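As given, the protein sequences belong to chains S and P, one line each in that order.
Here the first sequence is numbered in UniProt numbering, starting from 1 and rising by one per residue.
Here the second sequence is numbered in UniProt numbering, starting from 1 and rising by one per residue.
Comments concern the structure below.
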Amino acid sequence: MNRIKQLFASKKNILSIYYTAGYPNTGDTLKIAELLEKSGADMLEIGFPYSDPVADGPVIQASSKQSLDQGMTLNLLFEQLKDLRKTVTIPVLLMGYVNPVLQFGVEKFCEACAEVGVDGCIVPDLPMVEYEEFYKDCFEKHNLSNVFLITPQTAEERIHKIDGLTNGFIYLLSSSATTGKNLEVGNTTEAYFSRIKNLNLKNPTMIGFGISDKQTFDKACSYANGAIIGTAFVKAIADGNLEESVSTFMKKFKS
Amino acid sequence: MKYKVNEKGYYGDFGGAYIPEMLYPNVEELRQNYLKIIDDAGFQKEFHQLLKDYVGRPSPLYLAKRYSERFGANIFLKREDLNHTGAHKINNTIGQILLAEKLGKKRIIAETGAGQHGVATATVCALRNLECVIYMGEVDIERQAPNVARMKMLGAKVVPASSGSKTLKDATNEAMRDWINNPVDTHYIIGSVVGPHPYPDMVAIFQSIISEETKKQLLEQTGSDQPDYVLACVGGGSNAMGMFYHFMDDENVKLIAVEAAGKGVSSGFSAATTYLGKEGVLHGSRSILMQTPDGQVVEPHSVSAGLDYPGIGPQHAHLFKTGRGQYVSITDEESLDAGLLCTQLEGIIPAIESAHALAYLEKMEFKGGENVVVCLSGRGDKDLDTYIKYFNL
Chain S
1 MNRIKQLFAS
11 KKNILSIYYT
21 AGYPNTGDTL
31 KIAELLEKSG
41 ADMLEIGFPY
51 SDPVADGPVI
61 QASSKQSLDQ
71 GMTLNLLFEQ
81 LKDLRKTVTI
91 PVLLMGYVNP
101 VLQFGVEKFC
111 EACAEVGVDG
121 CIVPDLPMVE
131 YEEFYKDCFE
141 KHNLSNVFLI
151 TPQTAEERIH
161 KIDGLTNGFI
171 YLLSSSATTG
181 KNLEVGNTTE
191 AYFSRIKNLN
201 LKNPTMIGFG
211 ISDKQTFDKA
221 CSYANGAIIG
231 TAFVKAIADG
241 NLEESVSTFM
251 KKFKS
Chain P
1 MKYKVNEKGY
11 YGDFGGAYIP
21 EMLYPNVEEL
31 RQNYLKIIDD
41 AGFQKEFHQL
51 LKDYVGRPSP
61 LYLAKRYSER
71 FGANIFLKRE
81 DLNHTGAHKI
91 NNTIGQILLA
101 EKLGKKRIIA
111 ETGAGQHGVA
121 TATVCALRNL
131 ECVIYMGEVD
141 IERQAPNVAR
151 MKMLGAKVVP
161 ASSGSKTLKD
171 ATNEAMRDWI
181 NNPVDTHYII
191 GSVVGPHPYP
201 DMVAIFQSII
211 SEETKKQLLE
221 QTGSDQPDYV
231 LACVGGGSNA
241 MGMFYHFMDD
251 ENVKLIAVEA
261 AGKGVSSGFS
271 AATTYLGKEG
281 VLHGSRSILM
291 QTPDGQVVEP
301 HSVSAGLDYP
311 GIGPQHAHLF
321 KTGRGQYVSI
331 TDEESLDAGL
341 LCTQLEGIIP
351 AIESAHALAY
361 LEKMEFKGGE
371 NVVVCLSGRG
381 DKDLDTYIKY
391 FNL
């Protein structure tokens, strides 16, 4: 059983944090993972940057660009994560776009993930049909969970298909939006969250996009197994002392 | 029909729909409906009526006498520059706006490079009274000021794309982000044969009017509907695909696609995708794109904003890989020189994009008497500043 499954089996109100690898400084990737675990994060999503991140808003775009400009690559990321499992015990996923994975090589990518102790991946622009046909066997061979996204517009039949194909959790987008929009939980969002909850999916769900404070986090947790925070965290560590920024940010959610 | 899209949305190894889930419902809605809508007799009637009465089609196929004398072959120019709004782009926007209406969309978005697609989109939005938002790179807004003014006058909102190289690629990213954030009432009119399936096929179908007419016109003028060569410039590749479409299965017709070499293919300032690129995924489809070994998209360069794109449409990638099409490139300087030559020999100021296709004539060897069709995809009014600066006119 991989770490993701263990986590969901043992814990509620899971707090998962996204950050961009190699940001704010190239050498910060592992350090941030360690700091986040120490300050109470339950799961990590490390973004590998891409030049054309169409699903991302301005904050994550800018962090990706800065990271790339400073020389980040997938090769370097795996090098940085070589000793990940010496200090980090919580589940770690890699999140990014499909083209860097294709150029790296799918098989080699899965191998590298398994080798450093990465538990799963989120590749938003990798279509379900492609995954099923060309990637699934490789992911499963290396015990990697592949996480799919669903939005308020995703049809029920497709949600069940996704549920059948994934084996980690389902990433529930609070609305169809690029990253960094604020979560406004109105009646339609609540109805959508309730609808998903009542589908009794086999996989746990995590709500993401627009979670930025304790209040929105708690709200999300009432409908799902937990929530994912990305943009708000990336913003919080932009400058200043990393230890302090991470700890201050995490305290908001742990009170 | 071996070069057409298959039922999975692929052209050989290329195509598909590599899109985040947020775009899936919109793209899927299109995929399920586009052929049904386009094949409908009522749609066809309205589409062709507008092409005739509003765009001014058929566009002439003009035997360029002085050009022909110079090159020793019969050079025919397919005059897409004479279309309303000055380029081939309007063929596609007329088709897509009618389709958007059938899908019940209220708001139109588009990306633009040279501004021709932006103007063509803003035009049809004015015509059909739909809200219009155009994304355009900051760099392109600078170098294509007249087109920005035209879009504004037509009632469109022009939003600058300030990320990346601030050109066509980034405008496309911004348009896709807009579509993600407006998933229900908005239709995205992609201007080239790029993007997730079914866009490359849909845009090719709307642009295929170019080769459909050319065939008839050639038959009338030469007695055969098959020329020896067909030439067109390629950025994303929509005028080329329209020009090649009905010739693809005529294997004896040589298809020549002219990319922008910029300052030279090895200069680091180029947009010669097939020469510099590798297979990968950009803007929703698997194709050939200029990228680093790590899979980051490389910023292209061309003097022509319409060719300043780091990829090509998946169908072009397929024509290239199978060898059905010959993909070549022309530098900034060669294209500008060809633009001036066309102006002085034929009294036609071509868009710098189209001048790339014309420039390749200089590199071809003719035995004499061959029939050659060049797609004159747009007029050069928008490029006067560039021409004036380059030639000190």
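Just so you know, even glycine gets a beta-carbon here, dropped at the ideal spot from N, CA and C.
Small disclaimer: the values here were computed from a predicted structure and weren't measured.
Separation of residue j from residue i, as counted between CA atoms
i                      : j                 : result
Thr273 of chain P      : Cys132 of chain P : 31 Å
Glu34 of chain S       : Val88 of chain S  : 6 Å
Ala232 of chain S      : Leu341 of chain P : 57 Å
Val303 of chain P      : Asp228 of chain P : 29 Å
Leu44 of chain S       : Lys136 of chain S : 22 Å
His301 of chain P      : Arg128 of chain P : 35 Å
Asp119 of chain S      : Ala175 of chain P : 33 Å
Thr122 of chain S      : Leu23 of chain P  : The sequence given here has Ile at residue 122 of chain S, not Thr. Going from the Cα of Ile122 of chain S to the Cα of Leu23 of chain P covers about 16 Å.
Ala9 of chain S        : Leu30 of chain S  : 26 Å
Lys367 of chain P      : Glu346 of chain P : 23 Å
Glu133 of chain S      : Leu126 of chain S : 11 Å
Ile380 of chain P      : Ser354 of chain P : In the sequence as presented, Ile is not what sits at residue 380 of chain P; that position holds Gly. Distance between the alpha carbons of Gly380 of chain P and Ser354 of chain P is about 9 Å.
Arg158 of chain S      : Trp179 of chain P : 20 Å
Tyr309 of chain P      : Gly325 of chain P : 19 Å
residue 278 of chain S : Ile228 of chain S : This structure does not reach residue 278 of chain S, given that chain S is present from 1 up to 255, and the question cannot be answered.
Asp163 of chain S      : Ile207 of chain S : 15 Å
Tyr327 of chain P      : Leu231 of chain P : 10 Å
Leu168 of chain P      : Lys102 of chain P : 28 Å
Leu63 of chain P       : His88 of chain P  : 19 Å
Ser329 of chain P      : Gln291 of chain P : 18 Å
Ser165 of chain P      : Ile17 of chain S  : 30 Å
Segment limits, beta strand (DSSP E) that includes residue i
i                 : result
Asn74 of chain P  : Asn74 to Arg79
Arg107 of chain P : Arg107 to Thr112
Ser145 of chain S : Ser145 to Val147
Ser285 of chain P : Ser285 to Leu289
Ile17 of chain S  : Ile14 to Thr20
Thr186 of chain P : Thr186 to Tyr188
Leu61 of chain P  : Leu61 to Leu63
Range of the contiguous alpha helix (DSSP H) that encloses residue i
i                 : result
Ala114 of chain S : Val106 to Val116
His117 of chain P : Gln116 to Arg128
Glu279 of chain P : Glu279 of chain P -> not in any alpha helix (DSSP H); beta strand (DSSP E) instead, spanning Lys278 to Leu282.
Arg177 of chain P : Leu168 to Asn181
Ile32 of chain S  : Thr29 to Lys38
Tyr24 of chain P  : Tyr24 to Asp39
His160 of chain S : Glu156 to Leu165
Tyr390 of chain P : Leu384 to Phe391
Gly95 of chain P  : Lys89 to Lys102
Identified DSSP bridge partners for residue i
i                 : result
Arg324 of chain P : None, per the DSSP bridge assignment.
Phe14 of chain P  : P:Tyr11
Gly137 of chain P : P:Ala161
Ala232 of chain P : P:Ala257
Arg379 of chain P : P:Pro350
Ile229 of chain S : S:Ile17
Glu131 of chain P : P:Arg107
Leu172 of chain S : S:Ile150 and S:Ile207
Gly262 of chain P : P:Thr331
Lys121 of chain S : According to the sequence displayed, residue 121 of chain S carries Cys and not Lys. Answer is S:Leu94 and S:Asn146, bridged to Cys121 of chain S.
Sub-8 Å separation of residue i and residue j beta-carbons
i                 : j                 : result
Glu138 of chain P : Ala156 of chain P : no
Tyr171 of chain S : Phe193 of chain S : no
Phe71 of chain P  : Asn371 of chain P : no
Gly105 of chain S : Tyr50 of chain S  : no
Ser59 of chain P  : Cys233 of chain P : no
Gly236 of chain P : Val297 of chain P : no
Leu307 of chain P : Tyr387 of chain P : no
Gln116 of chain P : Ala204 of chain P : no
Pro198 of chain P : Gly313 of chain P : no
Ala114 of chain S : Pro20 of chain P  : no
Leu99 of chain P  : Tyr34 of chain P  : yes
Glu78 of chain P  : Val373 of chain P : Here residue 78 of chain P is Lys; the residue named in the question, Glu, does not match the sequence. Yes, Cβ-Cβ distance for Lys78 of chain P and Val373 of chain P is below 8 Å.
Phe253 of chain S : Lys219 of chain S : no
Using 8 Å as the cut-off, can you tell me whether the stretch 231-250 of chain P makes contact with the stretch 312-321 of chain P, which would need three or more C-beta pairs spanning the two stretches below that distance? yes
Give a yes or no on contact between the stretch 17-36 of chain S and the stretch 66-79 of chain S, applying the rule of three or more CB pairs nearer than 8 Å. yes
Cβ contact check for the stretch 249-258 of chain P and the stretch 278-289 of chain P: 3 or more pairs under 8 Å: no
Cβ pair count under 8 Å reaching 3, the stretch 284-292 of chain P against the stretch 207-226 of chain P: no
Cβ contact (3+ pairs, closer than 8 Å) linking the stretch 54-68 of chain P and the stretch 110-122 of chain P: no
Counting pairs of Cβ atoms below 8 Å between the stretch 159-169 of chain S and the stretch 3-12 of chain S, do you hit three or more? yes
Pairs of beta-carbons, one from the stretch 53-64 of chain S and one from the stretch 224-243 of chain S, closer than 8 Å: are there three or more? yes
May I ask you to verify whether the stretch 105-114 of chain S touches the stretch 142-149 of chain S, counting CB pairs closer than 8 Å and requiring at least 3? yes
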